[in-house]
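Numbering (UniProt numbering), first residue to last: 1 to 118. Okay, so here's the structure we're looking at.
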């Protein structure tokens, strides 16, 4: 997996990721975050979203409630930056054992192609 040091982002994506992660870390205990999808690959269009896997610490919360909280934060960031964030919550034990996640292939693709942002 790549890091921001060896795979810098365009200015707009970097600002969006920074603003989103500031909101997330104020509310959730996280292990990290990974940008994936077209913005990580550099193949995005002007209306492409920023896909972010948020790696959460601790005991599992409710997936839907956590996803909705992340979506609320993402909406606020979109109003400020113009870039839509699509965030998925992933708890640390799911990240460590992708086959326990509801979509193990997604986590494997994120691990292969993603950029560590936090």
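Glycine is no exception: its CB is placed at the ideal position from the N, C-alpha and C atoms.
For residue i, which residues of its own chain have a beta-carbon under 7 Å away from its beta-carbon, when the five flanking residues on both sides are left out?
| i | result |
| --- | --- |
| residue 38 | 44 and 48 |
| residue 19 | 77, 80 and 81 |
What residue range is occupied by the uninterrupted beta strand (DSSP E) comprising residue i?
| i | result |
| --- | --- |
| residue 51 | 50-56 |
| residue 104 | Counting along the chain, residue 104 falls outside any beta strand (DSSP E), though it belongs to the alpha helix (DSSP H) covering 104-113. |
So, helix, strand or coil for residue i, using DSSP?
| i | result |
| --- | --- |
| residue 36 | strand |
| residue 29 | coil |
| residue 92 | helix |
| residue 14 | helix |
| residue 22 | helix |
| residue 59 | coil |
Over what stretch of residues does the alpha helix (DSSP H) that includes residue i continue unbroken?
| i | result |
| --- | --- |
| residue 5 | Counting along the chain, residue 5 falls outside any alpha helix (DSSP H), and DSSP gives it neither H nor E. |
Starting from the C-beta of residue i, find all residues in its chain whose C-beta is less than 6 Å away, skip the five residues before and the five after it, and write them out in chain order.
| i | result |
| --- | --- |
| residue 84 | 49 and 78 |
| residue 91 | 56 and 60 |
| residue 23 | 73 |
Contact check, residue i vs residue j under 8 Å by CB: the rounded distance?
| i | j | result |
| --- | --- | --- |
| residue 118 | residue 21 | 5 Å |
| residue 110 | residue 36 | 5 Å |
| residue 52 | residue 34 | 7 Å |
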